[in-house]
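Residue numbers (my numbering): 848 to 1157.
Report on the structure given below.
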Amino acid sequence: MNFNHEYDMLVLGGGPGGYTAALYAVRAGLTVLVLEKLWPGGQMALTHQIDNYPGFPDGIDGFTLGDSMRKQAERFGASTKYAEVTRVNLLGTPKVVEIPGERLYAKTVVLSTGASPRHLELEGEEELLGRGVAYCASCDAMFYKDKTVAVVGGGNSAAADALLLSKIASNVILIHRRNTLRAERIDVEALRNAGNVKFRWNSVVTALLHGEKLTGIQLQDVYSGAESTLACDGLFISIGRVPATQLFGSQLELAAGGYIPAGETTETVIPGVYAVGDVRTKPLRQIVTAMSDGAVAVHMAEEYLSSLQK
């Protein structure tokens, strides 16, 4: 195994939060390496059209935006290595991060490993992403203006997605495996009062109907087993997210759902370790909030590094 020199900061994950941290850190004179398993942008890179990121009046695709963030950070001196992190020791000094064949050391670590939407695991689901299947109403709702959409889920996120879609789509059908929602009462009442929202209780989605695009879904009653079809232009899947925190659970006590407890300072319970973006506990997970986290994390890291020199 190769042993690398010590960085001022290692950034685990090359999404918007990670590359913002890298940009701010190198501009502050820190040595920074971003470790990314797949491609710049993280989950954002899978979004075909982003219209809610300021500065792009005609929108931009997620892959292009992510790669632009990488190029900007690297222009000022950040480095990127495409590799999967296999092991970490965040408790020691320095911090240790292992990738295949190499051990890296750093004074600070930014955890920006993100969270991915929980899937229904149905045939064709991945292929239909952006062609009728979606996981983010705030990102993709406008593509379904005056159309019929379905939302599957029963929690706060599903209710919020259905409410947002009710203002844009002509018809919204909320599908839940039980006969009541887990969402907050105020959102449930708002859904019931919306004139274009209908409910399909005690139902699960068992198949996606499609040509090149989604044309409908197949439903099954959880009690009777009876099957039916529902024609729709879009299906928003809102059954939770899975944060990529498996490597950190033995060193960081995780919050409900597996997220890393970290407030607006992005500081974790381990000095010199920061959680940014979708991986941390927060009320809103969007590109702009992830980027804000990245900038804050560097500010806190600078204070921490200064304290080490005293």
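Even glycine gets a Cβ: it sits at the ideal position worked out from N, Cα and C.
When DSSP reads this structure, V1089 sits in a beta bridge with S963. DSSP lists F1083 as the beta-bridge partner residues of A981. Closest option to L857, judged by alpha-carbon separation, among T995, A1103, Y952, G977: Y952. Ranked by Cα distance from L1012, the first of G1002, F990, A1030, G1063 is F990. Within the stretch 849 to 887, complete alpha helix (DSSP H) segments of at least 4 residues are found at 863 to 874, given in chain order. Taking I907 as the centre and dropping the five residues before and after it, the same chain places the C-beta of I897 closer than 6 Å to its C-beta, in chain order.
Per DSSP, the unbroken beta strand (DSSP E) holding G1063 starts and ends at 1061 to 1068. Within the DSSP secondary-structure output, S1050 pairs in a beta bridge with D1068.
Relative to the Cα of V1145, the nearest Cα in the group T955, S1017, G1002, D1125 belongs to T955. Apart from the 5 residues on each side of it in sequence, T1113 sits with its Cβ closer than 7 Å to the Cβ of Y1121, A1122, V1123, R1127, D1140, V1143, A1144, M1147 in its chain, given in chain order.
Residue environment for H852: exposed (fewer than 16 other C-beta atoms within 10 angstroms of its C-beta). Beta-bridge pairing by DSSP links Y1106 to no other residue. Taken in chain order, the unbroken stretches of beta strand (DSSP E) that lie wholly in the stretch 986 to 1013 and span 3 residues or more are 995 to 999. Note that the C-beta distance between E1100 and P1090 is not below 8 Å. In terms of CA proximity to Q1093, L958 leads the group L1021, L958, G1119, I1033. Considered as a whole, the stretch 1012 to 1045 harbours 1018 to 1022 as its complete beta strand (DSSP E) runs of no fewer than 3 residues, in chain order.
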